[in-house]
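Participant: Residue numbers (this note's numbering): 79 to 244.
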Amino acid sequence: MAAEVERAKKYCQVIRAICHTQVGKVKIGQKKAHIKEIQVNGGTTEKKVDFIMGLFEQEVKIADVFSQDEMVDTIGATKGKGIAGVVTRWGVTRLTRKTHRGLRKVACIGSWHPARVSFQVPRSGQRGYHHRTEINKKIYRIGKSLKEDANNACTENDLTEKAITP
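1) By the 10 Å Cβ neighbour count, where 16 or more other Cβ atoms means buried, how is I96 classified, buried or exposed?
2) Can you tell me which of G221, K240, S223 and R219 puts its alpha carbon nearest to the alpha carbon of N229?
3) Measure the beta-carbon distance from S202 to V164 and round it to whole angstroms, keeping in mind my assumption that it falls under 8 Å.
4) Quick test of your reading: V127 and A80, contact by CB under 8 Å. State the CB separation rounded to the nearest angstrom.
5) Determine the extent of the alpha helix (DSSP H) in which M131 is found, giving its start and end residues.
6) Ends of the beta strand (DSSP E) at K87?
7) Within 10 Å of its beta-carbon, does I93 have 16 or more other beta-carbons around it, so buried, or fewer, so exposed?
8) With which residues is G206 paired in a DSSP beta bridge?
9) Please report the residue range of the alpha helix (DSSP H) in which A141 lies.
10) Answer yes or no: do I161 and Q91 have a C-beta to C-beta separation smaller than 8 Å?
11) Inspect the CB distances between the stretch 146–156 and the stretch 211–218 and report whether three or more fall short of 8 Å.
12) Tell me which residue opens and which closes the alpha helix (DSSP H) that R167 is part of.
13) Going by CA-CA distance only, name the one from V195, H178, F144 and H208 that's closest to Y218.
14) Among residues of its own chain, excluding the 5 on either side of I187, which ones have a beta-carbon nearer than 6 Å to its beta-carbon?
15) Taking the C-alpha atoms as reference points, what is the distance between G132 and C232?
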């Protein structure tokens, strides 16, 4: 292990840590932890490696990484809806009432030549569960657990003594 750390200090430029969540602390029914590779920036390579080794097998709090009023980008997947036809997926107009072989279709999927379907033509397929990135989301507040603060739902505007159990 020590030889690998020295090798990383000597030869590497980019240092990343492999981190995981503690899903067992949140009651969401999931048991498998989320694993993420996080790049460390700033300073020399030796300082980066020493910083990561100092955090090795340690718990990192949300408040240590993010701060209030900070702007962040979020990455996620949309809600999955399965397979959908062209009317639902692309908003194509339905065909007329007496159409032969179905009316929730595209009337013409292209000309004879070129002898292939163009990518612009609406087709049926996967709807939802798409990768999306939302930019510039503001962190308004970072809460505390019930162990740290018994009245963790109190704010400056609402002074009622109450708690939120995640």
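Glycine included, C-beta positions come from ideal geometry on N, C-alpha and C.
Facilitator: So, to answer that:
1) When all chains shown are included, I96 counts as exposed.
2) Among G221, K240, S223 and R219, the Cα nearest to that of N229 is on K240.
3) The Cβ separation is near 5 Å, so the contact holds.
4) About 11 Å; that fails the 8 Å criterion.
5) Membership of M131 in the alpha helix (DSSP H) is indicated by the continuous run T123 to G132.
6) Segment A80 to Y89 is the alpha helix (DSSP H) holding K87; no beta strand (DSSP E) there.
7) Buried, by the Cβ-count rule.
8) Beta-bridge partners of G206 (DSSP): none assigned.
9) Element bounds for A141: I140 to V143.
10) No, the Cβ-Cβ distance between I161 and Q91 is not below 8 Å.
11) Yes: at least three Cβ pairs fall under 8 Å.
12) Annotation: the continuous alpha helix (DSSP H) that includes R167 extends over V164 to W168.
13) If we check each option's Cα against that of Y218, F144 comes out closest.
14) For I187, where only same-chain residues beyond five positions count, the Cβ hits under 6 Å are V195 and V199.
15) One C-alpha to the other measures close to 35 Å.
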